[in-house]
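Going line by line, the protein sequences match chains V and S.
Each residue of the first sequence is one higher than the one before, starting from 138 at the first, in the numbering used here.
Each residue of the second sequence is one higher than the one before, starting from 390 at the first, in the numbering used here.
Every residue gets a Cβ at the ideal spot worked out from N, C-alpha and C, and that includes glycine.
Notes to accompany the following structure.
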Amino acid sequence: MDLSESELACLQFCLKLSRHAPSLCSKDIDALRACGFGDESIFEAVAVTALAVYRCTLSLGLGPEPDFGPRKLPSTRIDQQPGPAPHGLLSDSHEAAQRKEPYVHAPYLSPKAFSPFAIVQQSHGFIPNFFRAQTLRPDLLEAELEAVGRILLPEDALTRLQKESILLAVSAANLNSYCVAMHCNLLRGLGMPSEEGDQIAVDHHESNLSVADKGLLDFAVKLGTRGPGFSRRDVVKLQALGFTEEQILECVVVTALNNFANTLQMGLGIAPDFAPPAGFEENKVHLADAVATPIGREGGMYLVDVLQDLDAELVAQAQGGKLEAFEALVRRHTQLIYRTLMAMLGNPADAQDSLQDTLLNAFKHIGGFQGRSKFSTWLVSIARNTALQRLRGRKNVESLDEPEREEEGDFRPRQVRSWADNPEQLHSKSEIQQLVEAGIVGLPAKYRVVVVLRDIEQLSTDEVARELGLSVPAVKTRLLRGRLMLREWLSPHFTASTRGAVK
Amino acid sequence: MITCEEFFAEFADYMENQVSPEIRKELTLHLSQCRACQVLYDTSLKTVKIVTESGSFELPHSVSDPIIDCVMAKLRKEHS
Numbered sequence: 138m139d140l141s142e143s144e145l146a147c148l149q150f151c152l153k154l155s156r157h158a159p160s161l162c163s164k165d166i167d168a169l170r171a172c173g174f175g176d177e178s179i180f181e182a183v184a185v186t187a188l189a190v191y192r193c194t195l196s197l198g199l200g201p202e203p204d205f206g207p208r209k210l211p212s213t214r215i216d217q218q219p220g221p222a223p224h225g226l227l228s229d230s231h232e233a234a235q236r237k238e239p240y241v242h243a244p245y246l247s248p249k250a251f252s253p254f255a256i257v258q259q260s261h262g263f264i265p266n267f268f269r270a271q272t273l274r275p276d277l278l279e280a281e282l283e284a285v286g287r288i289l290l291p292e293d294a295l296t297r298l299q300k301e302s303i304l305l306a307v308s309a310a311n312l313n314s315y316c317v318a319m320h321c322n323l324l325r326g327l328g329m330p331s332e333e334g335d336q337i338a339v340d341h342h343e344s345n346l347s348v349a350d351k352g353l354l355d356f357a358v359k360l361g362t363r364g365p366g367f368s369r370r371d372v373v374k375l376q377a378l379g380f381t382e383e384q385i386l387e388c389v390v391v392t393a394l395n396n397f398a399n400t401l402q403m404g405l406g407i408a409p410d411f412a413p414p415a416g417f418e419e420n421k422v423h424l425a426d427a428v429a430t431p432i433g434r435e436g437g438m439y440l441v442d443v444l445q446d447l448d449a450e451l452v453a454q455a456q457g458g459k460l461e462a463f464e465a466l467v468r469r470h471t472q473l474i475y476r477t478l479m480a481m482l483g484n485p486a487d488a489q490d491s492l493q494d495t496l497l498n499a500f501k502h503i504g505g506f507q508g509r510s511k512f513s514t515w516l517v518s519i520a521r522n523t524a525l526q527r528l529r530g531r532k533n534v535e536s537l538d539e540p541e542r543e544e545e546g547d548f549r550p551r552q553v554r555s556w557a558d559n560p561e562q563l564h565s566k567s568e569i570q571q572l573v574e575a576g577i578v579g580l581p582a583k584y585r586v587v588v589v590l591r592d593i594e595q596l597s598t599d600e601v602a603r604e605l606g607l608s609v610p611a612v613k614t615r616l617l618r619g620r621l622m623l624r625e626w627l628s629p630h631f632t633a634s635t636r637g638a639v640k
Numbered sequence: 390m391i392t393c394e395e396f397f398a399e400f401a402d403y404m405e406n407q408v409s410p411e412i413r414k415e416l417t418l419h420l421s422q423c424r425a426c427q428v429l430y431d432t433s434l435k436t437v438k439i440v441t442e443s444g445s446f447e448l449p450h451s452v453s454d455p456i457i458d459c460v461m462a463k464l465r466k467e468h469s
């Protein structure tokens with residue numbers, strides 16, 4: 138598809154906002170204005186991106202795609218008036234005059250003229266800048282406020298405290314100072330001690346929350362940061378902690394709403410109402426300060442690069458020697474690296490040793506990463522080479538590159554007994570994990586790698602092919618054989634008559 | 390109706406839902422009439438589900454964090 142220069146700029150802006158919001162700055166907005174975009178168009182681009190992030194988070198958390206799309210709303214003309222500064226908030230202080238204005242024009246709306254603001258005034262005691270900054274589109278704002286009220290206020294499944302804790306922890310993980318400060322303040326209003334809220338923002342594991350609530354926040358943070366490892370397993374973990382399906386659904390929806398709010402705030406450059414906790418600011422990776430270059434042709438970065446590498450901003454900083462950025466990158470991809478190493482080496486001790494070597498090698502060579510592939514692909518190749526070095530020290534090395542042999546073409550399943558309807562119920566979770574791990578470790582290495590990356594790491598067939606340097610047909614063949622071998626291995630344990638047969 | 394050999398040739402793509410509607414129709418018809426292929430298909434799907442949901446080879450934070458911390462400490466020392 139041929140995009141015009143301005144369409145391309147808009148798409149690049151939206152992609153950056155959706156995936157690298159903390160690095161967004163006023164130069165990105167200037168780049169849009171230079172392409173002819175006005176306040177209303179920029180506002181819509183931000184709002185639609187926020188909605189897309191909301192939907193992506195919902196979709197990731199619930200599995201199926203939500204069944205609705207963004208609404209096209211009519212514009213409204215409102216007279217501009219100066220807004221009263223709420224008492225006791227940051228916007229009261231002299232610092233307010235030095236703060237940057239929001240990126241788009243926000244006409245004043247009084248609670249009298251706009252009834253939803255009267256409700257906000259009543260519940261918050263003031264109108265947060267977050268809502269004031271959206272008055273260019275009061276119709277959109279009204280719909281948003283109604284959704285916020287319906288999702289956050291009832292205590293049918295999760296409590297207000299749990300919901301606010303989710304909003305705080307996920308905003309902190311998304312490096313959103315505004316929302317962190319806001320939810321710290323709201324938690325104080327709900328009776329949580331300030332230090333406890335601050336601790337959730339810095340690291341909820343160290344807070345006094347119950348084990349179950351820490352698990353709830355782990356789930357929300359993993360979902361909210363849309364990490365590649367999020368899967369049904371995370372839902373199962375929450376169920377094991379005693380959460381009902383209704384509570385899990387609420388957690389997913391609250392997390393998605395949070396991402397909507399985080400994206401809007403960062404996209405519109407909304408000034409804070411309160412100071413965020415000092416501990417959070419000290420620990421935060423200051424991406425926004427570090428990356429002042431807007432994406433665009435003049436920056437030498439093209440749309441295709443953004444699509445291919447969602448880690449680009451952090452990589453650029455790590456290449457500049459910023460260790461915090463490198464640390465954030467490796468924490469994001471540790472599971473992928475570890476599973477690649479496990480798949481190649483077949484034992485945890487070797488994989489853990491090689492994880493350390495892989496990370497050191499990655500930092501050593503990161504200057505040579507030119508962005509021609511995804512960063513995760515490059516990391517897998519470093520892991521692969523590190524594992525190969527270790528394998529060379531072993532006797533009877535299994536080859537990963539060995540072509541398919543003729544006789545393997547005749548591979549046919551032998552087990553023809555049917556399995557129980559719900560085979561997972563025949564054994565405990567840990568027994569199943571033990572069985573699967575033993576089965577995978579027992580596979581020839583070339584099948585093991587493909588099965589681990591496709592079925593456990595859940596990369597697509599194309600991604601596995603790219604990451605291993607194989608053709609797609611070769612991946613398909615190896616995947617089928619690996620799966621069928623595993624099926625043979627698992628069959629004796631999952632036929633209806635073999636309860637308790639794990640050894 | 391297609392044979393078991395022909396079914397098996399398309400099996401990988403059928404599992405991944407990557408066959409054309411016409412071929413899918415043929416394969417589904419075969420499945421409805423062949424017990425052995427039905428068992429193969431059903432147990433293969435269950436295998437993938439069990440493997441995917443097993444949580445295998447997950448490195449707990451209690452193990453990965455010290456490794457990353459150690460690497461970062463080494464790098465910080467080198468760059469200080």
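Which two residues bound the contiguous alpha helix (DSSP H) that contains residue i?
| i | result |
| --- | --- |
| S/K435 | R424 to E442 |
| S/H468 | Where S/H468 is concerned, there is no enclosing alpha helix (DSSP H), given that its DSSP letter is neither H nor E. |
| V/T598 | T598 to L605 |
| V/W626 | V609 to F631 |
| V/W556 | Segment: none, V/W556 is in no alpha helix (DSSP H) and carries neither H nor E. |
| V/G404 | E382 to L405 |
| V/I128 | Chain V is shown only over 138 to 640; residue 128 of chain V falls outside these bounds and no answer can be derived. |
| V/V285 | P275 to L289 |
| S/Q407 | Per DSSP, S/Q407 belongs to no alpha helix (DSSP H) and is neither H nor E. |
| V/R571 | The question names Arg, but residue 571 of chain V is Gln in the sequence shown. Unbroken alpha helix (DSSP H) run through V/Q571: K566 to V578. |
| V/L460 | L460 to L482 |
| V/A338 | S331 to D340 |
| V/L496 | P485 to H502 |
| V/K164 | S163 to A171 |
| V/K583 | A582 to V588 |
| V/K249 | Run containing V/K249: none; DSSP gives neither H nor E here. |
If you check the beta carbons only, do residue i and residue j fall under 8 Å apart?
| i | j | result |
| --- | --- | --- |
| S/V440 | V/D490 | no |
| V/T194 | V/T381 | no |
| V/P159 | V/M403 | yes |
| S/V408 | S/L418 | no |
| V/F180 | V/L273 | yes |
| V/L378 | V/A357 | no |
| V/V373 | V/G198 | no |
Please classify residue i: is it buried, with 16 or more other beta-carbons within 10 angstroms of its beta-carbon, or exposed?
| i | result |
| --- | --- |
| V/D340 | exposed |
| V/T477 | buried |
| V/G406 | buried |
| V/Q141 | Strictly speaking, residue 141 of chain V in this sequence is Ser, with Gln absent from that position. When all chains shown are included, V/S141 counts as exposed. |
| V/R624 | buried |
| V/K501 | exposed |
| V/E574 | buried |
| V/N313 | buried |
| V/M622 | buried |
| V/I256 | exposed |
| S/P455 | exposed |
Spell out whether any CB of chain V is found under 8 Å from the CB atom of residue i.
| i | result |
| --- | --- |
| S/I412 | no |
| S/E447 | yes |
| S/V408 | no |
| S/K466 | no |
| S/A401 | yes |
| S/M461 | yes |
| S/I456 | yes |
| S/H392 | Here residue 392 of chain S is Thr; the residue named in the question, His, does not match the sequence. Closer than 8 Å: no. |
| S/T417 | no |
| S/S443 | yes |
| S/S453 | yes |
Kindly say whether residue i, judged by its beta-carbon, lies nearer than 8 Å to any beta-carbon of chain S.
| i | result |
| --- | --- |
| V/H231 | The predicted position of V/H231 is uncertain, since its pLDDT is 34 and thus under 50; no value can be drawn from it. |
| V/L621 | yes |
Within the same chain, show all residues whose beta-carbon is closer than 6 Å to that of residue i, passing over the 5 residues directly before and after it, in chain order.
| i | result |
| --- | --- |
| S/H450 | none |
| V/I519 | T495, N498 and A499 |
| V/L590 | L596 and V601 |
| V/A524 | L478, M481, L482 and S491 |
| V/L394 | I288 |
Kindly list the residues whose CB is nearer than 7 Å to the CB of residue i, restricted to its own chain and excluding five residues on each side of it in sequence; keep chain order.
| i | result |
| --- | --- |
| V/A146 | A168, L169, C172 and G433 |
Among the residues of its own chain, which have a CB less than 8 Å from the CB of residue i, if the five just before and after it don't count?
| i | result |
| --- | --- |
| V/N522 | N498 |
| V/V317 | L305, S308, A309, A338, P413, P414 and F417 |
Which residues in chain B sit within 7 Å of residue i, going by Cβ to Cβ distance?
| i | result |
| --- | --- |
| V/F500 | Although the question refers to chain B, the structure presented lacks it and instead comprises the protein chains V and S. |
Is residue i near the ligand HEM, judged by its Cβ being under 7 Å from some heavy atom?
| i | result |
| --- | --- |
| V/T400 | In terms of ligand content, the structure shown is empty, and the ligand HEM therefore cannot be addressed. |
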